[in-house]
Amino acid sequence: MDALFSLISPELLAFAFVVTVIAGTVKGAIGFAMPLIMISGLSILIDPKLVVAGIILPIVLTNILQVTKGGLKNAWDALMEYRTYVILVCIMILITSQFVAYVSADMMLLGLGVIVTVLCAIQIAGVRVEIPPHRRKVGSVIAGILSGILGGFSGTWGPTTVLYLVAVDTPKAKQFSVQGVVYGAGAVMLLIGHLKSGILNAQTVPFSLALIPPGVLGMWIGFKIHDRIDQVLFRKATLWVLLIAGINLVRRGIMG
Numbered sequence: 061m062d063a064l065f066s067l068i069s070p071e072l073l074a075f076a077f078v079v080t081v082i083a084g085t086v087k088g089a090i091g092f093a094m095p096l097i098m099i100s101g102l103s104i105l106i107d108p109k110l111v112v113a114g115i116i117l118p119i120v121l122t123n124i125l126q127v128t129k130g131g132l133k134n135a136w137d138a139l140m141e142y143r144t145y146v147i148l149v150c151i152m153i154l155i156t157s158q159f160v161a162y163v164s165a166d167m168m169l170l171g172l173g174v175i176v177t178v179l180c181a182i183q184i185a186g187v188r189v190e191i192p193p194h195r196r197k198v199g200s201v202i203a204g205i206l207s208g209i210l211g212g213f214s215g216t217w218g219p220t221t222v223l224y225l226v227a228v229d230t231p232k233a234k235q236f237s238v239q240g241v242v243y244g245a246g247a248v249m250l251l252i253g254h255l256k257s258g259i260l261n262a263q264t265v266p267f268s269l270a271l272i273p274p275g276v277l278g279m280w281i282g283f284k285i286h287d288r289i290d291q292v293l294f295r296k297a298t299l300w301v302l303l304i305a306g307i308n309l310v311r312r313g314i315m316g
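Residue numbering for the sequence shown follows this note's numbering, starting at 61 and increasing by one per position.
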């Protein structure tokens, strides 16, 4: 506990708990957006590099929960069917995560803000890219590389994964399992990558461990309300909030 409070004040830790519960609830309800919410919310008051370290372990565990909720057989089938995309996401996360430690705080805020803003704006606008069957192999490669780059840098590859799954006309019933596999595998690679990059280390790991319970609590709440809400409306409201948060991150990155 002393190690944790030497890293972050009790007040900021309480703030981080609240944001993480909200992020976990949204993820449990609609299947993604936990890293986006945590990065956008926590970076308002907490150093962005510490935020990237803090989100890693909660993301790993909550994605494992998402995979198991969808069923292990469904997860395996999804892995086999979308293996090209999953493999490329994992490879690119490992590679690009090594550069995070060399980016200044202002540049990271700006980069994260641009990523959050653009991805949310695309989804709010309802942009749908359609990849025809004869182009899906190439589409998987391009989408996998792009998602992995974003994941390694910002810790979030959910929105691009959703866009890709819609583009290849993935049945809605299957999307939850595929998302769980992509997020789960990518989260493990993010953990390995940031252990190597030094972002997740002996000093920062207590913060990441501390965010696991609120993350799991949020997921539990989200699972409970999953079938009781208008997911389309809830998702749009979430994206609007994230869009505002993303614009604020861009402002902070530019103004310092």
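Yeah, the Cβ is synthetic: ideal placement off N, Cα and C, and Gly gets one too.
What do you get for F65, buried or exposed, if any count of 16 or more other CB atoms within 10 angstroms of its CB means buried? Within the sequence shown, the letter at position 5 stands for residue 65. The residue in question, F65, is exposed, as its Cβ has fewer than 16 Cβ neighbours within 10 Å.
Using 8 Å as the limit for Cβ to Cβ distance, is I115 near chain D? In summary, chain D is missing from the structure at hand, where a single protein chain is found.
Whole alpha helix (DSSP H) elements within the stretch 231 to 283, 4-residue minimum: Segments of the alpha helix (DSSP H) lying fully in the stretch 231 to 283: 232 to 257 and 265 to 270.
Can you tell me which of the three DSSP states P192 falls into? Sequence index remark: in the sequence shown, residue 192 carries index 132 (1-based). P192 falls in the coil class under three-state DSSP.
Spatial neighbours of R4 in its chain, beta-carbon cut-off 8 Å, leaving aside the 5 residues before and after: Residue 4 lies beyond the range of the chain shown here (61 to 316); nothing can be said about it.
Does DSSP put W217 in a helix, a strand or coil? Here the question's residue 217 lines up with position 157 in the sequence shown. W217 carries a coil assignment under DSSP once its states are collapsed to helix, strand and coil.
If you reduce the DSSP assignment to three classes, tell me which class L302 lands in. Reading the sequence shown from its first residue, position 242 is the one you call residue 302. Helix at L302.
With a CB to CB cut of under 6 Å and the five nearest residues on each side skipped, what residues in its chain are close to L179? Position 119 of the sequence shown, counting from 1, holds the residue named residue 179. The beta carbon of L179 sits closer than 6 Å to those of P219, all from its chain and outside the five residues before and after it, given in chain order.
Can you tell me the Cα-Cα spacing of S164 and M152, whole angstroms? Within the sequence shown, residue 164 is the residue found at index 104, counting from 1. Within the sequence shown, residue 152 is the residue found at index 92, counting from 1. Annotation: S164 to M152 spans about 21 Å, alpha carbon to alpha carbon.
For the pair the stretch 254 to 270 and the stretch 112 to 122, tell me if three or more CB-CB distances fall below 8 Å. yes
Helix, strand or coil for S103 per DSSP? Counting from 1 along the sequence shown, the entry for residue 103 is found at position 43. In the structure shown, S103 sits in coil (DSSP, three-state: anything other than H, G, I, E or B).
Let's test the definition: count the other Cβ atoms within 10 Å of the Cβ of S69 and tell me whether it reaches 16, buried, or not, exposed. The residue you call residue 69 lines up with position 9 of the sequence shown. Per the 10 Å Cβ criterion, exposed.
If we call anything under 8 Å between Cβ atoms a contact, is V146 one with A245? Translated into the one-based positions of the sequence shown, residue 146 becomes position 86. Translated into the one-based positions of the sequence shown, residue 245 becomes position 185. Yes, Cβ-Cβ distance for V146 and A245 is below 8 Å.
Given this structure, state the Cα-to-Cα distance separating K109 from M168, to the nearest angstrom. Counting from one through the sequence shown, the residue named residue 109 turns up at place 49. Counting from one through the sequence shown, the residue named residue 168 turns up at place 108. Each residue's Cα considered, the two are about 8 Å apart.
Mapping DSSP to helix, strand and coil, what is G131? If you number the sequence shown from 1, residue 131 lands on position 71. For G131, the secondary structure class from DSSP, reduced to helix, strand or coil, is coil.
Alpha carbon of M140 to alpha carbon of G204, nearest angstrom: In the sequence shown, counting from the first residue as 1, residue 140 sits at position 80. In the sequence shown, counting from the first residue as 1, residue 204 sits at position 144. So the alpha carbons of these two residues sit roughly 15 Å apart.
From G186 to L102, what distance separates their C-alpha atoms? Within the sequence shown, residue 186 is the residue found at index 126, counting from 1. Within the sequence shown, residue 102 is the residue found at index 42, counting from 1. Their Cα atoms are separated by approximately 27 Å.
Can you tell me where the alpha helix (DSSP H) holding I289 begins and where it ends? Position 229 of the sequence shown holds residue 289. I289 -> no alpha helix (DSSP H), and no H or E assigned at all.
Which first and last residues belong to the alpha helix (DSSP H) in which Y145 is found? Looking up residue 145 in the sequence shown gives position 85. For Y145, the uninterrupted alpha helix (DSSP H) run begins and ends at R143 to T156, by DSSP.
Assuming contact is defined by CB atoms lying nearer than 8 Å, are T216 and V242 in contact in what I supplied? Mapped onto the sequence shown, residue 216 falls at position 156. Mapped onto the sequence shown, residue 242 falls at position 182. Contact flag unset, no.
From which residue to which residue does the alpha helix (DSSP H) around V86 run? Numbered from its first residue, the sequence shown carries residue 86 at position 26. Following the DSSP letters along the chain, one finds V86 inside the alpha helix (DSSP H) bounded by residues P70 to I90.
Thinking C-alpha only, which one of A83, I97, T80 and D107 is nearest L67? As a position in the sequence shown, residue 67 is number 7, starting the count at 1. Closest option to L67, Cα to Cα, is D107.
Selected residue, minimal CA-CA separation from L210, among I124, I175 and V201: Counted from its first residue, the sequence shown places residue 210 at position 150. Of the candidates I124, I175 and V201, the one whose C-alpha sits nearest the C-alpha of L210 is I175.
Under a Cβ-count criterion, where at least 16 other Cβ atoms within 10 Å of its own Cβ denotes burial, should A89 be classed as buried or exposed? Along the sequence shown, read from residue 1 onward, the residue named residue 89 stands at position 29. Buried: at least 16 other Cβ atoms inside 10 Å.
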